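Per my numbering, the sequence shown starts with residue 717, numbered consecutively. Ideal placement from N, C-alpha and C gives every residue a C-beta, glycine not left out. None of these values were measured; they are calculated from a predicted model. See structure below.
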Amino acid sequence: MPQLSPIDRLQNHVARAYYHLFPPCSICYDSHMQTKLDMTKPQDIFRKITAMLVVTSDQAPSRAAAERRRDELESLCTTLGIKCACWDFFNIRSFNSATYIGTGQVQRLAWYAQENQCNLVVFNNSVSPRIQRNLEQILGIAVVDRQEIILQIFANRATTREARLQVELAQLQYSLPRLKRKWGELSQQRGGVKGAKGSGEKQLELDRRQAQARIVRLKREIDEIGKSRDVQRRNRRQGNVPNVAIVGYTNSGKSTLLNRISDANVLSEDKLFATLDPTTRRVHLPGGGTSLFTDTVGFVSDLPHELVDSFKSTLEEAVLADVLLIVLDASRDDFLMCWETTRSVLEDLKAFDKPRLVLLNKMDLVTEETLFAINSFCLSGERCLKVSVKDDPNLEEVLSTIENMISSKENP
């Protein structure tokens, strides 16, 4: 069987979700056919996985709140093609440094996983490498956290060179502290390797050094692409054309909106993170002017900081925009959580103080229970419009409002 290079092992480390399906350190090779798997179609592998979802909290959330967290985690797994067989909620009264949850809770987790024939456990919260290894040793199956699922979704969605480099950087930064393997291959002494300090350097040490070197190279390449993007932004600004950044929670209808107002052909799917690369289109406004609208990567609660750092140049579209068009899925009963997540990310980017319009999308799907919260939100002081982007015959009110905001900004 061909040997994978250290970098290959690092890049594939994010695929912990199916380690149990293939021999350790040979993740990319079918254990029976002895042939390399097509990693560009990982959905074929993820379909073999049955997961148990674990939602935890150090407080006592309502049943509805726990189920909302479960639903989003299930949506993330389903986006990868992973089947979710069962779930459980654990209230963490006292933190266990070895297993995060208590001994009795671990036993209950093991029983549920076995009863439902699960070969993967997915935690909604971040799990440290040490706890991850300990739980895998106890349960005998793979354990991943929500961040790892999101990273893999981004890896599957990346199509441009910039997006692939950004995802690879995020994967390596996430994987670096998780390089310690529970099998013996990485603890074997490796001798006679070019570039090693000596014949006694461990494989783990070699992997870490090469990972760090790769991270430096990736940051350099991404910076170069970022400089090219800056030139494009400056060229756009030289034409005195206002810029509008379409931002918001993932799968809220941002790409559909851009397609409707510009006749663009941006990928628009009912899936999480359908868009990773920013797409800019010129849009004609009702008053005769034009503006550039940019569709951006969607936000999600507790977005891994590795992804925020890696996609910083992409998220800068919001920072440099003249107006923010924030799209919320009003049909979600937790749309206020989506709003808080969006606001938090924009505040971190120091972009929240820009002129902004909140678009409450999918109003045709809103229930009576959610309508009261929506109306209260609109009275909170935020400038809002209620629409159904997919079915509205025209979105002229949205464009007229944006045009007035641009005019007010230019002529205070």
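If you draw a straight line from the alpha carbon of Leu1075 to that of Ala961, how long is it in whole angstroms? 13 Å
List the whole-angstrom C-beta distance separating Leu888 from Ala927, where the pair is believed to meet the contact cut-off of C-beta under 8 Å. 6 Å
Taking only the alpha-carbon atoms, compute the straight-line gap between Ala845 and Leu1115 and give it to the nearest angstrom. In the sequence as displayed, the identity of residue 845 is Pro instead of Ala. Taking the straight line joining both Cα atoms gives about 48 Å.
Please classify Phe1088 as buried or exposed, where buried requires at least 16 other C-beta atoms within 10 Å of its C-beta. exposed
For the beta strand (DSSP E) that Met768 lies in, which residues bound it at each end? Thr766 to Ser773
Inter-residue spacing [alpha-carbon to alpha-carbon] between Asn967 and Thr1083: 19 Å
Just to confirm my understanding: we take Gly1003, look at its own chain, exclude 5 residues before and 5 after, and list those with CB closer than 7 Å. What are they? Glu1119
Against chain C, does Glu790 count as a neighbour if the rule is that its beta carbon must be under 7 Å from one of theirs? Within the model displayed, chain C is absent; a lone protein chain is all it includes.
How is Ile857 classed by DSSP in three states: helix, strand or coil? coil
How far does the alpha helix (DSSP H) with Glu779 in it reach, from first residue to last? Just to set this straight, residue 779 is Arg in the shown sequence, not Glu. Where Arg779 is concerned, the enclosing alpha helix (DSSP H) stretches over Arg779 to Leu796.
Between the beta-carbon of Phe805 and the beta-carbon of Gln821, is there less than 7 Å? no
Thr1057 - containing alpha helix (DSSP H), residue span: Phe1051 to Asp1064
In the structure shown, what three-state DSSP assignment does Val1103 receive? coil
Quick check on the DSSP output: the alpha helix (DSSP H) that includes Cys802 runs from which residue to which? First-last for Cys802: Lys799 to Asn807, but that is the beta strand (DSSP E), not the alpha helix (DSSP H).
CA nearest to the CA of Gly1005, picked from Ile1122, Thr876, Ile808 and Thr1058: Ile1122
Would you mind sorting Gly969 into buried or exposed? The rule is 16 or more other CB atoms within 10 Å of its CB. buried
Segment limits, alpha helix (DSSP H) that includes Val822: Thr819 to Glu831
Looking at the secondary structure, which residues open and close the alpha helix (DSSP H) in which Asn975 lies? Lys970 to Ser978
Out of Arg924, Ala826, Phe1051 and Asp939, which one is the CA nearest neighbour of Arg877? Asp939
For the alpha helix (DSSP H) containing Phe870, name the first residue and the last one. Arg862 to Arg873
Return the first residue and the last residue of the beta strand (DSSP E) that Asn1091 is part of. Here Asn1091 belongs to no beta strand (DSSP E); instead the alpha helix (DSSP H) covers Glu1084 to Cys1094.
Taking the straight line between their C-alpha atoms, what separation do you get for Glu790 and Arg933? 35 Å
What did DSSP end up calling Val960 once you bin it into helix, strand or coil? strand
How is the alpha helix (DSSP H) around Val883 delimited, first residue to last? Arg877 to Ser891
Start-to-end residues for the beta strand (DSSP E) that takes in Phe1009: Thr1006 to Asp1011
Give the secondary structure of Lys1078 by DSSP, where H, G and I count as helix, E and B as strand, and everything else as coil. coil
Exposed or buried, what is Trp803 when buried is set at 16 or more other beta-carbons lying within 10 Å of its beta-carbon? buried
Considering Cα atoms alone, identify which of Pro994, Val1043, Val1035 and Lys1078 is closest to Ala874. Pro994
Start and end of the beta strand (DSSP E) containing Val837? Leu836 to Phe839
Per DSSP, what kind of secondary structure is Phe1146 in: helix, strand or coil? Outside the shown range of the chain, which is 717 to 1128, sits residue 1146, and nothing can be said about it.
Please return the same chain residues whose Cβ sits closer than 6 Å to the Cβ of Glu1098, not counting the five positions on each side in sequence. Val1074
Could you give the first and the last residue of the continuous beta strand (DSSP E) run that contains Leu1044? Val1039 to Asp1045
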